[in-house]
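**Student:** A single structure is presented below for examination.
Numbering (the numbering used here), first residue to last: 455 to 683.
Here you go:
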């Protein structure tokens with residue numbers, strides 16, 4: 455089994471972008487749904503329980519809001535992520551794209567380099583979280599119904615404009631104290647970018663402790679969704 459290079463997981467001259475792209479891949483006899491990470495112009499990493507040796511060729515489809523992007527790639531390297539057990543272990547594979555990537559894929563990767571790129575590319579979870587929105591001197595009860603590591607879709611009677619900064623008091627299940635976060639509105643009804651009754655925000659800053667708590671919550675939601683699926 456081979457592993458990634460010391461300095462560059464994909465051994466690529468291109469910049470790697472830390473994001474999460476929904477993706478599915480197929481091969482003779484099967485296929486999987488999952489997520490691509492560490493994305494670059496000539497490849498990405500995937501995590502899977504189905505291991506393939508370097509050189510193995512697979513078909514991939516990246517899913518974005520605008521549709522699907524078909525790709526062909528080969529396994530460049532593999533490594534096991536859970537060394538305590540070889541049964542049902544998770545593996546990470548570096549995928550090198552074959553041939554010239556489609557223009558839509560190149561445009562997608564270019565967008566990751568732009569300030570304020572659309573962070574909806576991160577995996578989103580259908581989960582409901584109670585929160586309070588601080589806007590000026592007011593606190594308004596609301597709830598988040600679409601949650602990712604960098605943003606939320608909030609259902610609320612408050613309709614702030616795009617670009618407005620808000621404070622959020624986000625209560626995670628099992629935690630007595632809410633997380634106090636700052637956020638920027640990125641989609642709002644007033645801008646015509648989402649329907650009435652809600653708005654989308656990008657989370658701006660976390661303390662190390664808050665980020666760890668939030669990511670642990672998303673991990674639990676992901677595991678629950680996987681079991682229910």
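Glycine included, each C-beta is placed from N, C-alpha and C at the ideal position. Note that the coordinates shown come from a computational prediction; the quantities given were computed from them, not determined experimentally.
Distance check for residue 599 and residue 671, CA to CA, integer angstroms please.
**Tutor:** Answer to the nearest angstrom: the Cα atoms are 14 angstroms apart.
**Student:** Could you check whether the segment 514-528 touches the segment 549-560, counting it as contact only if at least three pairs of C-beta atoms, one from each stretch, sit closer than 8 angstroms?
**Tutor:** As far as the Cβ criterion goes, the segment 514-528 touches the segment 549-560, which means the pair count is three or higher.
**Student:** Thinking just about the alpha-carbon of each residue, which of 477, 595, 619 and 603 is nearest to the one in residue 609?
**Tutor:** Comparing Cα-Cα distances from residue 609 to each of 477, 595, 619 and 603, the minimum goes to 595.
**Student:** If you count every other CB in all the chains shown that lies within 10 Å of the CB of residue 460, and 16 or more means buried, which is it?
**Tutor:** Low confidence applies here, because residue 460 scores a pLDDT of 33, under 50, leaving its location unreliable and the question unanswered by this model.
**Student:** Does DSSP put residue 612 in a helix, a strand or coil?
**Tutor:** Of the three classes helix, strand and coil, the one that applies to residue 612 here is coil, per DSSP.
**Student:** May I ask you to report which of helix, strand or coil DSSP gives residue 629?
**Tutor:** If DSSP states are grouped into helix, strand and coil, residue 629 belongs with coil.
**Student:** DSSP three-state label for residue 494, please.
**Tutor:** Residue 494: strand per DSSP, three-state reduction.
**Student:** Do residue 500 and residue 488 have their C-beta atoms closer together than 8 angstroms?
**Tutor:** Yes. Within cutoff.
**Student:** Looking only at its own chain, which residues have a Cβ that is under 6 angstroms from the Cβ of residue 411, when we skip the five neighbours before and after it?
**Tutor:** This structure leaves residue 411 out entirely; the chain is present only between 455 and 683.
**Student:** By the DSSP assignment, the beta strand (DSSP E) with residue 653 in it spans what residues?
**Tutor:** Per DSSP, residue 653 belongs to the beta strand (DSSP E) from 652-659.
**Student:** Using the Cα positions of residue 515 and residue 478, report the straight-line distance between them to the nearest angstrom.
**Tutor:** Rounded to whole angstroms, residue 515 to residue 478 spans 5 angstroms at the Cα level.
**Student:** According to DSSP, simplified to helix, strand and coil, what is residue 665?
**Tutor:** The answer is helix: DSSP assigns residue 665 an H, G or I state.
**Student:** Give every residue of the same chain whose Cβ lies closer than 7 angstroms to the Cβ of residue 651, excluding the five residues on either side of it in the sequence, and list them in chain order.
**Tutor:** Within the same chain, residue 651 has close Cβ partners 609.
**Student:** Among the residues of its own chain, which have a CB less than 6 angstroms from the CB of residue 664, if the five just before and after it don't count?
**Tutor:** Taken in chain order, the residues that qualify are 633.
**Student:** CA-CA distance, residue 593 and residue 624?
**Tutor:** Taking the straight line joining both Cα atoms gives about 12 angstroms.
**Student:** Report yes if the C-beta distance between residue 560 and residue 495 is below 8 angstroms; otherwise report no.
**Tutor:** It is a contact, given that the beta carbons lie within the stated cut-off.
**Student:** Does the beta-carbon distance from residue 583 to residue 563 come in below 8 angstroms?
**Tutor:** No, Cβ-Cβ distance for residue 583 and residue 563 is not below 8 angstroms.
**Student:** Give me whichever residues DSSP pairs with residue 563 in a beta bridge.
**Tutor:** DSSP lists no partner for residue 563.
**Student:** Considering only residues of the same chain and omitting the five flanking positions on each side of residue 502, which have a CB-CB separation below 7 angstroms?
**Tutor:** The residues are 486, 488, 545 and 547.
**Student:** Could you pull out every residue in the same chain whose Cβ sits closer than 8 angstroms to the Cβ of residue 497, ignoring the five residues on either side in sequence?
**Tutor:** 464, 466, 527, 530, 548, 549, 550 and 551.
**Student:** Can you tell me whether residue 674 is helix, strand or coil according to DSSP?
**Tutor:** Residue 674 falls in the helix class under three-state DSSP.
**Student:** Identify, in the order they occur along the chain, each residue of the same chain with its Cβ nearer than 8 angstroms to the Cβ of residue 586, setting aside the five sequence neighbours on each side.
**Tutor:** These residues qualify, in order along the chain: 593, 594, 595, 596, 622, 623 and 632.
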